[in-house]
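Asks:
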Amino acid sequence: MRLVFLMIVLTAVLTCAAFALAAEPIRIGAVVSATGPASFLGEPERNTLQMQADALNAAGGLLGRPVEVVILDDETDVNKAVLAVDRLLKKDNVAAVVGPTVSGNSLAVAPKFAAAKVPLVSCAAAEKIVRPVSPWVFKTAQSDRLAVARILSHARKAGYKKLAILTVSDGYGQAGREVLKEAVPAGGFELVADEVYGPKDTDMTAQLTKIKGTAPDAVICWGTNPGPAVVAKNRVQLGMATSLYMSHGVASKKFIELAGESAEGLLLPAGKLTVADQLPASDPQKALLLDYAKAYEERFKVPASAFGGYAYDGLALVAKAIADGNDASPAAIRDNLEKIKDFPGISGVFRFSPEDHNGLDETAFVMVTITGGDFRLLAD
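Residue numbers for the sequence shown, in mature numbering (1 follows the signal peptide of the UniProt record, and there is no 0): -22 to -1, 1 to 358.
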């Protein structure tokens, strides 16, 4: 009798599984820079999305339906990002899109989502992606303003008065520069130098020499690899002892590899994943961060990065919106994304609202320094 009962249960389970597999999949799009200059950001995003899709389907999918994540590579090219989004919206008929990876590409494609009435959850940092708020556009990466606030808080405690900035001329750098030019003087600091470099520049000695002549207390460099590593090396070559802050755009081991010994002693705001094992046990993100880091490294044989975390959060938030609303339509996903509160992710604890489509605050960042070739958490 027991055997018959077990066979009935097994048959029911297999029938449900077969039904779920036969059901129309929930199709979610993703555009990432898996190749090109920003591949160090986009590759971990692609890997993470693949890992998450497998985990979701192994757990039964969503609403009894399998999840299909259609991942396209924009090669860090804005025109290819536009083409990828067009395909996802018009051909693949996705319910939502995660990405793009970089700010310029995200800003370029954002208007398409309002027109299509499909939600976008960007993985890029620029504040302009969600300010002013577009009803259909969200993002998971911490905003530049939050990172700048962390840097200036540290600089204030260190007693610094005169600050210089050195920013890259791409979308990420331009967005950061705007915030820095506003926040530095507003925070009571003197902005003594404002220098810019190109994303393909291989020597920033000229800019650093000008900065050195203004005698700042500290320099803030805003960019993503490889430029900031060049800045770090040129600083050492020029014998500059001035404190150097980097942006959260270099919060990965790749930056330390590129900068080598020149990275020693640098300061930056970083997502908590960077120093997850150093967090107190009371931190609401710690368990998730450690689980994600372990799963990623076991599958891909390389350490997880905060950049992959942006994609993790994007898909996790879309999945939660679908589950909470019991509805996978684009309009329902949008409405339920906006209602998400106190949701621990990789990038922070998300609290969305109609007025805030990033949903993070300054606590999403911690200040770290680079010591002995690794990141070390600094006390608040």
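Here a beta-carbon is modelled for each residue, glycine too, at the ideal position from N, C-alpha and C.
Is the beta carbon of Pro177 less than 8 Å from the beta carbon of Gly154?
Replies: no
Asks: What residue range does the alpha helix (DSSP H) around Lys159 cover?
Replies: Gly149 to Ala164
Asks: Going by the CB atoms, is the gap between Val9 and Leu34 shorter than 8 Å?
Replies: Taking C-beta atoms as the reference points, Leu34 and Val9 fail to come closer than 8 Å.
Asks: In whole angstroms, give me the CA-to-CA distance for Gln185 and Ala171.
Replies: 10 Å
Asks: Select from Ala273, Leu295 and Lys319 the residue whose C-alpha is nearest the C-alpha of Asn25.
Replies: Ala273
Asks: Any idea if Ala294 is buried or exposed, counting beta-carbon neighbours within 10 angstroms, 16 or more meaning buried?
Replies: Answer is buried; the Cβ neighbour count reaches 16.
Asks: Using 10 angstroms around the beta-carbon of Asp52, count the other beta-carbons present and answer buried if the total reaches 16, otherwise exposed.
Replies: By the neighbour-count definition (other C-beta atoms within 10 Å, threshold 16), Asp52 is a buried residue.
Asks: Give me whichever residues DSSP pairs with Ser221 in a beta bridge.
Replies: Ala196
Asks: For the alpha helix (DSSP H) containing Gly303, name the first residue and the last one.
Replies: Ala284 to Gly303
Asks: Roughly how many whole angstroms lie between the Cα atoms of Gly38 and Glu316?
Replies: 25 Å
Asks: According to DSSP, Leu98 sits in a beta bridge with which residue or residues?
Replies: Leu98 is bridged to Val75 and Val115.
Asks: Give the secondary structure of Gln235 by DSSP, where H, G and I count as helix, E and B as strand, and everything else as coil.
Replies: According to the sequence provided, residue 235 is Glu. The question's Gln does not apply to it. Glu235: helix per DSSP, three-state reduction.
Asks: Looking only at C-alpha atoms, which of Gly7, Pro22 and Ile198 sits nearest to Arg288?
Replies: Strictly speaking, residue 288 in this sequence is Tyr, with Arg absent from that position. Comparing Cα positions, the closest option is Pro22.
Asks: For Asp255, tell me which candidate among Leu245, Leu338 and Asp352 has the shortest Cα-Cα distance.
Replies: Asp352
Asks: Assuming Leu40 and Ala309 make a contact with CB atoms under 8 Å, what is their CB distance in whole Å?
Replies: Their Cβ separation, rounded to whole angstroms, is 16 Å, which puts Leu40 and Ala309 out of contact at 8 Å.
Asks: Quick one: what does DSSP say Arg329 is sitting in, helix, strand or coil?
Replies: coil
Asks: Is it buried or exposed, Val280, if we count other Cβ atoms within 10 angstroms and call 16 or more buried?
Replies: exposed
Asks: Evaluate the contact criterion for the stretch 185 to 195 versus the stretch 130 to 141: three or more CB pairs, one atom per stretch, below 8 Å.
Replies: yes
Asks: If the criterion is Cβ atoms closer than 8 Å, does the pair Leu338 and Gly350 meet it?
Replies: no
Asks: Which term fits Glu173, buried or exposed, when burial requires 16 or more other beta carbons within 10 angstroms of its beta carbon?
Replies: Buried is the label assigned to Glu173, since at least 16 other Cβ atoms lie within 10 Å of its Cβ.
Asks: Count the C-beta pairs between the stretch 83 to 96 and the stretch 113 to 126 that are closer than 8 Å, then say yes if the count reaches three, no if not.
Replies: Using a C-beta cut-off of 8 Å, the stretch 83 to 96 makes contact with the stretch 113 to 126, since at least three inter-stretch Cβ pairs fall below that distance.
Asks: With a 10 Å radius around its C-beta and 16 neighbouring C-beta atoms as the bar for buried, classify Asn304 as buried or exposed.
Replies: exposed
Asks: How about Ala342 and Ile318: do their beta carbons lie closer than 8 Å?
Replies: no
Asks: To the nearest angstrom, how far is the alpha carbon of Ala1 from that of Val47?
Replies: 15 Å
Asks: Give the range of the alpha helix (DSSP H) segment to which Ala125 is assigned.
Replies: Its alpha helix (DSSP H) spans residues Asp122 to Lys135.
Asks: For Gly201 versus Val146, is the C-beta spacing smaller than 8 Å?
Replies: yes
Asks: Please report the Cβ distance between Val96 and Leu67, rounded to the nearest whole angstrom; I am assuming they are in contact, meaning their Cβ atoms lie under 8 Å.
Replies: 6 Å
Asks: Specify the secondary structure class of Arg109 as computed by DSSP and reduced to three states.
Replies: Coil.
Asks: How about Val157 and Val126: do their beta carbons lie closer than 8 Å?
Replies: yes
Asks: What did DSSP end up calling Lys58 once you bin it into helix, strand or coil?
Replies: Three-state DSSP puts Lys58 in a helix.
Asks: Just how far apart, CA to CA, sit Ile107 and Val99?
Replies: 10 Å
Asks: Would you mind stating whether Ser81 and Ala102 have Cβ atoms separated by less than 8 Å?
Replies: yes
Asks: Count the other C-beta atoms from every protein chain shown that fall within 10 angstroms of the C-beta of Gly166, then say buried if there are 16 or more, exposed otherwise.
Replies: exposed
Asks: Is it buried or exposed, Asp269, if we count other Cβ atoms within 10 angstroms and call 16 or more buried?
Replies: exposed
Asks: From this set, Ala93, Ala297, Asn212 and Leu355, which residue's C-alpha is nearest Val45's C-alpha?
Replies: Ala297
Asks: According to DSSP, Lys319 sits in a beta bridge with which residue or residues?
Replies: Paired residues: none, contrary to the question.
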